[in-house]
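Under the numbering used here, think of the first position of the sequence shown as 119, with each following residue one higher.
Beta carbons are placed, not taken as given, at the ideal position from N, Cα and C, and that holds for glycine.
Nothing here was measured: the structure is a model prediction, and the numbers come from that model.
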Amino acid sequence: MVKKQWIAALALGFSMSAQAADFTEADAKYALRDTSIEATQQARAAYKAILDQGAKDADLIRAAEGYLRSTIFEGAHYYTTVDAEDRAARKKIFNDCWKVGAEVLSPAKLGFESPVYYYFKASCIAYEAEVSNVIQRLTLLPEMNKALESGFATQGGTTYEGGGLLRVKAAIKGNPEAKGLPGGIYNPEEALNLVDQAIASEAYPGNAEGALFCENYRRKIITLNELQNHAEAHATADMVLADFPLYLEEGLIPEFIRAETADCIKHVTELKANTPAS
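In structure tokens, the structure reads:
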């Protein structure tokens with residue numbers, strides 16, 4: 119995986135650092151992120167240490183990816199959206215994620231526009247909005263729109279992280295709570311088109327194609343239910359629950375989304391149980 123990412127970075131014109139960073143410890147800790155919150159925090163700290171040591175070019179992006187993925191996993195996996203204390207913890211984690219963590223990949227720091235920066239910034243804003251009130255969401259909206267617009271304009275903006283920016287925009291467009299927001303944001307038909315594009319997206323160099331991201335299908339099920347298309351929602355859930363456990367068992371899911379895929383399977387199981395019969 120490391121070698122593939124280096125090759126991909128070189129193909130995009132990145133120059134290798136004179137002394138390549140050693141990711142062995144950080145990657146080993148990251149592989150344990152679903153065993154405890156402490157393991158997740160240790161993984162994030164290990165990637166942060168590489169950043170603090172002055173990682174450059176491909177190493178900088180790789181370390182930042184590990185740091186930000188660890189951050190997102192901690193917030194999404196270990197804290198609920200129901201309990202008040204958990205919501206507060208999630209809000210802080212994701213606010214720090216887009217305001218501080220993602221900024222190590224800003225164009226000012228990298229010297230160029232990267233979809234990696236805009237994906238993580240948009241994702242963390244979306245996660246914060248999930249546990250924010252209406253007024254707070256309105257203040258987040260301009261930052262979200264800027265991240266999406268700039269991200270889509272970059273090379274790889276529609277493919278990085280399995281069409282990640284498309285998935286984030288679909289989540290906004292398909293959210294019924296967006297009905298009250300200005301600008302005609304709520305549009306579940308458009309959301310369905312966006313998530314279908316994400317599923318069909320090719321692999322960004324060193325990443326994975328959209329069809330391997332369970333989260334794309336989870337978002338599609340949510341959107342289909344919003345459109346009252348419960349029959350297709352059930353069919354999509356059945357496909358996920360039949361295929362993705364096998365993908366995990368056969369090692370087809372890359373490590374950077376392995377634990378996230380296991381979580382997604384649980385969420386899809388719940389979605390199917392709560393989807394009305396067609």
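Report yes if the C-beta distance between residue i and residue j is below 8 Å; otherwise report no.
i, j, result
"G193", "A161", "no"
"T199", "S232", "no"
"T341", "G292", "yes"
"A240", "L256", "no"
"R401", "V358", "Since the first residue shown for the chain is 119 and the last is 396, residue 401 is missing from the structure and cannot be characterised."
"K390", "A355", "yes"
Can you say whether residue i is buried or exposed, counting buried as having 16 or more other CB atoms within 10 angstroms of its CB?
i, result
"E295", "exposed"
"V218", "exposed"
"A136", "The predicted position of A136 is uncertain, since its pLDDT is 48 and thus under 50; a value taken from the coordinates is nonetheless stated next. Burial call: exposed."
"K384", "exposed"
"S396", "exposed"
"G298", "exposed"
"K209", "buried"
"M109", "Outside the displayed range of the chain (119 to 396) lies residue 109, so it cannot be described from this structure."
"S250", "buried"
"N392", "exposed"
"T387", "exposed"
"E307", "exposed"
"K227", "exposed"
"G369", "exposed"
"I243", "buried"
"V252", "exposed"
So what does DSSP say about residue i, is it helix, strand or coil?
i, result
"Q171", "coil"
"A136", "The pLDDT assigned to A136 is 48, lower than 50, so where the model puts this residue is not dependable, and the model offers no usable value."
"F109", "Examination of residue 109 is not possible in this model, given that the chain is present from 119 through 396 alone."
"K390", "helix"
"D201", "coil"
"T158", "helix"
"T354", "helix"
"S110", "As shown, the chain starts at 119 and ends at 396. That puts residue 110 outside it, with no answer to give."
"R151", "coil"
"F331", "coil"
"V218", "coil"
"Q346", "coil"
"V252", "helix"
"F374", "helix"
"F230", "coil"
"F212", "helix"
"F362", "helix"
"E368", "coil"
"S224", "coil"
Are any of the Cβ atoms in chain C nearer than 8 Å to that of residue i?
i, result
"K264", "The chain labelled as chain C is not found in the depicted structure, where only one protein chain is given."
Compute the beta-carbon to beta-carbon distance between residue i and residue j, rounded to the nearest angstrom, for a pair I have assumed lies under 8 Å.
i, j, result
"G280", "A316", "6 Å"
"A139", "A173", "5 Å"
"F191", "A377", "7 Å"
"Y245", "T277", "21 Å between Cβ atoms; not a contact."
"Y196", "I155", "5 Å"
Which runs of the alpha helix (DSSP H) at least 4 residues long sit entirely within the region 260-322? Give them in chain order. Counting whole runs of 4 or more residues, the region 260-322 contains the alpha helix (DSSP H) stretches 278-291, 306-318.
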